[in-house]
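Chains as they are written, first to last, in this note's numbering: chain P, 1 to 379; chain B, 380 to 492. We treat Cβ as the ideally placed atom computed from N, Cα and C, and that holds for glycine.
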C-alpha cells in the first residue's frame with residue numbers, strides 16, 4: 001500500500017505541472033494534508049481526490065483538447081508532407097518534417113523557460129496559434145509543390161515545358177530520372193529554411209510572452225495590420241508573382257489598385273503600426289512610458305505586421321498552389337471559361353509550382369522591411 | 380442542486396464549518412472530517428471560494444517536525460457575511476429540498492441557533 005501511495009504521489013506531482021501556476025499551491029496543499037490522513041486506503045482515497053482536483057483544475061478538457069487538436073493537425077500535416085517513393089530528395093524532406101514538428105513542440109517549452117509564460121491577452125494567444133497553424137500548413141504545401149516542381153515528366157512534350165520552367169533552354173541540358181522528383185531541396189537549402197522557422201517561432205513566442213512586456217494593444221495593432229496586408233498580398237499573388245496582378249481572381253484587370261495598396265502596405269503598414277503602437281502604449285494604471293520603451297513597442301508592432309503578412313500570404317499561397325496541383329477542379333475553376341489542353345494545364349501548374357519561390361523571398365525580406373520601416377516610424 | 384443563491388449543499392457545509400470559528404485558520408483534513416466531504420470535492424469548493432474572495436488561504440509558518448507545511452483556510456470578512464446570509468436563508472422553511480439534506484441541516488444547526 002505504501003508503494004502504491006508513493007507511486008500515486010509521484011504521478012500526481014508530475015501531473016500537477018499541467019496546472020496553471022496559481023493552482024499548483026492547491027495540489028501541494030492536498031498532498032501535504034495527506035500526511036494527516038491515516039495510512040492505508042484512507043490516505044490513498046485522499047490522494048485519489050487530489051488527482052481529481054488536478055483533473056478538474058488543470059482545465060484538463062481544455063488543455064487536453066488543445067494538445068489533441070495540435071497532435072491531430074501535426075499528424076495530418078506530417079502525413080501529407082511525408083515524401084512519396086517517387087521523391088528523390090526523401091531524406092531531406094523527412095528531416096524537414098521531423099525537425100519542424102520538434103521545433104513546434106520544443107520551442108514553446110524553451111520559450112516558457114526563458115521568456116516566461118504566454119501573455120494572457122487574447123491577441124497574444126491568437127498570434128501563437130496562427131503562427132503554429134501557418135507553419136503546419138506550410139509543411140505539406142511546400143512538400144507537395146517541391147515534389148511536383150522537380151518531378152521529371154516521362155512524356156517528351158511535358159519534359160520540354162518542365163525543362164523551360166527549370167530554367168533550361170532545351171531538353172538536352174535538363175537531365176533527370178524520368179518519373180522521379182529529383183533536384184529538390186538539398187541539405188544546404190534545408191538549414192536556412194529551418195533557421196527561418198526558428199526565427200519566426202522564436203520572435204513570435206518572445207513577443208507574446210510576459211517577459212517581453214509587449215502590450216496587448218501593440219500585439220493587436222501589429223497582427224491586424226499584418227493580416228490586412230497579408231490578405232491584399234494573397235489577392236495580388238495567389239499563385240506566386242508571375243501571373244498578372246489579381247489574376248486569376250479578377251481576370252482581365254489591368255490597372256490594379258490592389259497592387260498599389262500592397263506596395264503602400266509593405267512600406268507604410270509597419271511604419272503606421274509603429275507610430276500607432278508607440279502612441280497608444282501605456283504602463284500600468286495608464287502611466288506614460290519612457291521614450292525608448294515606446295519605440296520598442298513600435299518596432300514590435302512593425303515587425304509583427306510584416307512578419308504576420310508574410311506568414312499569412314505564404315501559407316495561403318503555397319496552400320492554394322498545392323491544392324491546385326492535387327485537385328483538377330481548382331485548376332479548372334481558376335481558369336474558368338478557358339479550354340485547357342493537358343499540356344497547357346501542365347504548363348500552368350509547373351509555372352505556378354516554380355513561382356512559389358517568391359513566398360520564401362517574402363518570408364525573409366518582409367520582416368526586415370518591417371523592422372526598418374517601424375524603426376523609422378517609431379523614432 | 381442549488382440550496383441557496385450561488386451555493387450548493389456541499390459548499391454550504393464548508394461555509395458552515397468555516398463559520399464555526401471564523402477567526403481561526405483551519406486545515407483541509409479537519410474540514411473534510413467536519414463536513415464529511417472527500418478531498419476531491421472539498422478542495423475544488425475551497426478553490427472556488429478563494430477565487431471569489433470568500434476564503435483566504437496561507438501556508439503554515441512552522442511545520443511540525445517531519446511533516447510538510449500545511450495549507451490553512453479561513454473566511455474573509457466578505458466570506459463571513461455571505462456565509463451567514465446563505466446559511467440563514469437555507470434555514471428558512473421555504474428553502475429548497477437540497478438545503479434540507481443532512482449535511483446542510485447539520486451545518487445550519489451549527490450556525491443558526
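Point to revise | Spatial distance of residue 466/B from residue 455/B (CA atoms) | key: 16 Å
Check your understanding: the segment 37 to 53 of chain P: which residues have C-beta closer than 9 Å to a C-beta of chain B, in chain order?
Key -> 37, 45, 46, 47, 48, 49, 50, 51, 52, 53
Practice item. Check whether the Cβ of residue 404/B lies closer than 9 Å to any Cβ atom in chain P. Key: no
Review point. What's the call for residue 46/P, buried or exposed, on a 16-neighbour Cβ count within 10 Å?
Key: buried
Check your understanding: Looking at chain P, which residues of the segment 442 to 455 of chain B have a Cβ within less than 8 Å of any of its Cβ atoms?
Key -> 446, 447, 448, 449, 450
Check your understanding: If residue 208/P sits next to residue 102/P, beta carbons under 8 Å apart, how far is it from one beta carbon to the other, in whole angstroms?
Key -> 20 Å between Cβ atoms; not a contact.
Check your understanding: Rounded C-beta distance between residue 225/P and residue 157/P? I'm assuming under 8 Å.
Key -> Contact flag wrong, Cβ pair sits at about 47 Å.
Review point. Under 9 Å, do residue 317/P and residue 238/P count as touching if we go by C-beta distance?
Key: yes
**Study point:** For residue 445/B, the three-state DSSP class (helix, strand or coil)
**Key:** coil
Exercise for review: In the DSSP assignment, find the beta strand (DSSP E) that holds residue 349/P and state where it starts and stops.
Suggested key: Here residue 349/P belongs to no beta strand (DSSP E); instead the alpha helix (DSSP H) covers 342 to 355.
Exercise for review: Determine the direct distance from the alpha carbon of residue 294/P to that of residue 412/B, and round the result to whole angstroms.
Suggested key: 56 Å
Check your understanding: Are the segment 383 to 401 of chain B and the segment 456 to 463 of chain B in contact at 8 Å, needing three or more beta carbon pairs?
Key -> yes
Check your understanding: So is residue 30/P in contact with chain B if we call contact Cβ pairs under 9 Å?
Key -> yes
Practice item. Would you mind working out which of 137/P, 122/P, 241/P sits nearest residue 72/P, comparing C-alpha positions? Key: 137/P
Exercise for review: Return the chain-ordered list of same chain residues with a C-beta closer than 7 Å to the C-beta of residue 263/P, the five sequence neighbours on each side being excluded.
Suggested key: none
Check your understanding: Can you give, in chain order, each stretch of the alpha helix (DSSP H) that sits fully within the segment 251 to 307 of chain P and has at least 4 residues?
Key -> 257 to 280
**Study point:** Closer than 9 Å to chain P by CB, residue 411/B
**Key:** yes
Review point. With 9 Å set as the bound, which would you pick, yes or no: does the beta-carbon of residue 56/P sit closer than that to a beta-carbon of chain B?
Key: yes
Exercise for review: Might you give, ordered along the chain, the residues of its own chain that have their beta carbon closer than 6 Å to the beta carbon of residue 141/P, omitting 5 neighbours on each side?
Suggested key: 318, 319, 322
Check your understanding: Secondary structure at residue 362/P, three-state DSSP: helix, strand or coil?
Key -> helix
Exercise for review: Tell me whether residue 440/B is buried or exposed, calling it buried when 16 or more other Cβ atoms sit within 10 Å of its Cβ.
Suggested key: exposed
Review point. So, residue 275/P versus residue 408/B, is the Cβ gap smaller than 9 Å?
Key: no
**Study point:** Alpha-carbon spacing of residue 186/P relative to residue 280/P, whole angstroms
**Key:** 46 Å
Point to revise | Residues in the segment 406 to 438 of chain B having any Cβ partner in chain P nearer than 7 Å | key: 406, 407, 408, 417, 418, 419, 422, 423, 426
Check your understanding: How long is the line joining the alpha carbons of residue 428/B and residue 390/B, rounded to whole angstroms?
Key -> 9 Å
Point to revise | Within chain B, partners of residue 26/P - CB distance below 7 Å | key: 422, 426
Exercise for review: Note the first and the last residue of the continuous beta strand (DSSP E) segment covering residue 53/P.
Suggested key: Run containing residue 53/P: none in the beta strand (DSSP E); it sits in the alpha helix (DSSP H), 41 to 57.
Check your understanding: Can you round the beta-carbon distance between residue 366/P and residue 307/P to whole angstroms, since I take them to be within the 8 Å contact cut?
Key -> 7 Å
Exercise for review: Provide the residue(s) that pair with residue 436/B in DSSP beta bridges, ordered along the chain.
Suggested key: 452/B
Check your understanding: Tell me, which residues are paired with residue 461/B by DSSP?
Key -> None; residue 461/B has no bridge partner.
**Study point:** Nearest neighbour of residue 364/P, chosen from 347/P, 349/P, 265/P, 314/P [CA to CA]
**Key:** 314/P
Review point. For chain B, is any of its Cβ atoms less than 9 Å away from the one on residue 384/P?
Key: Chain P is shown only over 1 to 379; residue 384/P falls outside these bounds and no answer can be derived.
Point to revise | Short Cβ contact (9 Å threshold) for residue 22/P with residue 419/B | key: no
Practice item. Could you have a look at residue 209/P and say whether DSSP puts it in helix, strand or coil? Key: strand
Review point. Distance, Cα to Cα, residue 124/P vs residue 329/P?
Key: 37 Å
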